[in-house]
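Each remark here refers to the structure printed beneath this line.
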Amino acid sequence: MADQNEVLRLKEIAFKVRKMLLDLSESYSGILHLGGSLSMVEAIVALYHYGMNINPKDIKSPTRDRFVLSKGHAAACMYITMALRGFFDFDEIVKTYGKLDSAFGTHPCKVHLPGIETSSGSLGQGFAMAVGMAISARQQKKTHRVFCMLGDGETFEGMVWEAANTAGSYKLGNLVAVIDRNKQFMTQFDGTYMNMDPYADKWRAFNWNAIEIADGNDMSSIVDAIDALPAYDSQMPTVLICNTIKGKGISFMEKNLGWHSGSLSKEQWEVATAEVEKAWELERSVV
Amino acid sequence: MTSVAAGAKLTGGVVFGDTLYELGGKHDNVFLVVSDCGVGSKKFIESYGDRFIDVGIAEQGCIGTAAGLALEGHVVFVLGPAQFLSMRACEQVRTAVCYQNLPVRLMSYSGGGLLSSAGSTHYGMEDIAILKSIANMTVLSIGDPQMIGELMRLSIDYPGPMYFRMAAWKKDTLLYEPGSVKYEIGKAITARKGKDITIMAHGDMMFQAMKAAEELSKEGIDIRLLDMFSIKPVDEEAILSAANETKGIVVLEDHMKYGGLASTVCDVLMDNGVMPKAFKRLGIPQTYPGFGNSDDLRNKYGYGLADTIAAVKEML
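As you go down the protein sequences, you meet chains A and B in turn. Counting with our numbering, you get residues 27 to 313 for the letters of the first sequence. Counting with our numbering, you get residues 1337 to 1652 for the letters of the second sequence.
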């Protein structure tokens, strides 16, 4: 059972990430992928601030856990989460995001941003690279893990299953896929035209240890799942299927196809920020 | 290593396998990743099995996995057919490998061009056009089997991704006396000095170009023959000199006529404001070739030996 003080600390970080995402969106003239960023906040915060062995002061440490954001369009959420862990300066992100020569753009670029493991954003590719990294760790007899976050929509891509098959066949127990399963894609919901189910069974058929997290926006559940991960030298890759809500935390965005990506007006920012702050106040008062 | 003289036959696949085994022993970061085609790699696989990954028939996942390994500091050789490396996995090559400038070496064993009777599903005839357009990618097309080994050794320290179009895979003729040529990426090999007409070729077509030059020499025609194995980066100086010093340029390639070496040569000439006195490109026209042996297909599509000789004579 997760330590509740630790969970509260992580929840506060998640609150800050949501708030900063809204701030970034409001200050930036272009669009942000808000829906899929908001759905994965708990999972990425739990990884960067709890589960992963990383050190922002030693980004090339050979023993560090690797993180690949295969759903690269949610880069803003990763930048902010990493900023709160000490990797970057949030003000720098706000000041330069999407601008000429910035290190921070819609899809992460390793060439411009040391501190991330890969460039990503072309769906499916990050996951295959994570498989390569896990193979390397095995061959080098290293003890770190490779974590890879994917969107559920991304897993329509054929190459995801090519890579999943490789990971299952090579028994990469040091690889953990984290699926942001918000059941909502850019223009359709799961089941409108295309079906994902039986989702966990698909992964199991590829020889993965599939763990379903009923509420992937519940920090305590994520922490429990991370605590229960098999050892790095286990013989089966693990997938954490986080059932989440796209646009989580903002009433007018939740489960709304219009907010896959978008730009916030001042008024929308005020409403959204008030909602996020109110939710955090409530959370804190319960404790 | 097998040691033979120019003119002898040597199997490129054996050279590849021997060299990979040699490099695997010298460098513990060398990996081989394949999609169900570890042909020629037996010695490497047997000795360095933990550095051999076969992902099955899955080229996209194969390239993605190779990129992940390269990000961890490995030099990754990926063996596969030209058409699937360049087309099935095109976006993975471009985005996972080239965007991040990773040391992945794409080793095309099927040679590219019109392989006998394979049919257009398996003719890698656009590979050079596609891959040379991708930033950071080095594109090599190798005719002499021995060169495969020399250039693989050189590739260990060469920056960024590389494509090896290994025409010389089965029994091919050694074009050059071993040790007689210094291979430098970005420098053409002057296979024959001459002052009348320049023939530029690469890969498999070098052998045909040599035969054409020999035939023409019997008629007193002095051919400058350039092996343009380094298509990107290309030897601009050799191209400009050919235009300035000889009476015409014939570009011969087992590739689409437009988009390959011939187009690169034109780019260099135009960019430098140099007009050759005559220019002819011989290669595959805009079509999907059918079946037949390589020689018959080359003759049918106008880039066989007789066509090469005729193209030169037309310029004189």
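Even for Gly, the Cβ is constructed at its ideal location relative to N, Cα and C.
Cβ atoms of residue 1492 of chain B and residue 1359 of chain B come within 8 angstroms of each other, at about 6 angstroms.
The Cβ atoms of residue 1532 of chain B and residue 1593 of chain B do not sit closer than 8 angstroms to each other. By alpha-carbon distance to residue 30 of chain A, the top candidate from A/54, A/269, A/249 is A/249. Each residue's CA atom was taken as its position, placing residue 265 of chain A and residue 178 of chain A some 12 angstroms apart. Residue 196 of chain A and residue 99 of chain A have their C-alpha atoms roughly 29 angstroms apart. Residues of the stretch 149 to 171 of chain A whose Cβ lies closer than 9 angstroms to any Cβ of chain B, in chain order: 150, 151, 152, 153, 154, 155, 156, 157, 158, 159, 160, 161, 162, 163, 164, 165, 166. Residues of the same chain with a CB within less than 6 angstroms of the CB of residue 68 of chain A, apart from the 5 flanking positions on each side, are 40, 243, 245, 248 in chain order. Within chain A, the residues 154, 155, 157, 158, 161, 189, 192 have their CB atoms less than 8 angstroms from the CB of residue 1401 of chain B, given in chain order. DSSP lists B/1345 as the beta-bridge partner residues of residue 1509 of chain B. At a beta-carbon threshold of 9 angstroms, the residues of chain B lying near residue 136 of chain A are 1407, 1435, 1436, ordered along the chain. Taking C-alpha positions only, residue 1578 of chain B is separated from residue 1606 of chain B by approximately 14 angstroms.
If you draw a straight line from the Cα of residue 284 of chain A to the Cα of residue 261 of chain A, it is about 42 angstroms long. Per DSSP, reduced to three states, the secondary structure at residue 1445 of chain B is coil, with no helix or strand assignment. Contact between the stretch 78 to 98 of chain A and the stretch 165 to 178 of chain A is present: 3 or more CB-CB pairs across the two stretches fall below 8 angstroms. For the set A/124, A/308, A/256, A/225, the Cα lying nearest the Cα of residue 170 of chain A is the one of A/256.
In this structure the stretch 127 to 144 of chain A does not lie against the stretch 1385 to 1393 of chain B, because fewer than three pairs of beta carbons, one per stretch, are closer than 8 angstroms. Only residues of its own chain outside the window of five on either side were considered, and among them 1548, 1551, 1552 have a CB closer than 7 angstroms to the CB of residue 1645 of chain B, listed in chain order.
Membership of residue 225 of chain A in the alpha helix (DSSP H) is indicated by the continuous run 225 to 231.
Runs of the beta strand (DSSP E) lying entirely within the stretch 1571 to 1639 of chain B, each at least 3 residues long, are 1585 to 1592, 1615 to 1620 in chain order. Of the candidates A/101, A/301, A/229, the residue whose Cα lies closest to the Cα of residue 59 of chain A is A/101. Counting only Cβ-Cβ distances below 7 angstroms, residue 1386 of chain B has contacts in chain A at 165, in chain order. One finds 188, 191, 192, 195 in chain A with Cβ atoms closer than 9 angstroms to the Cβ of residue 1392 of chain B, taken in chain order. Taking C-beta separations shorter than 6 angstroms and ignoring five residues to either side along the sequence, the partners of residue 1601 of chain B in its chain run 1575, 1587, following chain order. The secondary-structure analysis by DSSP pairs residue 174 of chain A across a beta bridge with A/94, A/203. In this structure, B/1581 is the residue among B/1632, B/1623, B/1589, B/1581 with its C-alpha nearest to the C-alpha of residue 1611 of chain B. By alpha-carbon distance to residue 1435 of chain B, the top candidate from A/200, A/90, A/151 is A/151. Residue 1499 of chain B and residue 1428 of chain B have their C-alpha atoms spaced approximately 14 angstroms apart. Counting the other Cβ atoms within 10 Å of the Cβ of residue 214 of chain A gives fewer than 16, which makes it exposed. For residue 1568 of chain B, the enclosing beta strand (DSSP E) has its first and last residue at 1566 to 1568.
In the three-state scheme derived from DSSP, where H, G and I count as helix and E and B as strand, residue 310 of chain A is classed as helix.
Contact between the stretch 183 to 203 of chain A and the stretch 113 to 120 of chain A is absent, with fewer than three C-beta pairs closer than 8 angstroms. Taking a cut-off of 8 angstroms for Cβ pairs, the stretch 1463 to 1477 of chain B and the stretch 1392 to 1412 of chain B do not touch, as fewer than three such pairs fall below it.
When the beta-carbon positions are compared, residue 1540 of chain B and residue 1598 of chain B stay at least 8 angstroms from each other.
Our two residues, residue 271 of chain A and residue 280 of chain A, have alpha carbons roughly 7 angstroms apart in a direct line. At a cut-off of 8 angstroms, the C-beta of residue 128 of chain A has no neighbouring C-beta in chain B. Within the DSSP secondary-structure output, residue 1563 of chain B pairs in a beta bridge with B/1525, B/1537.
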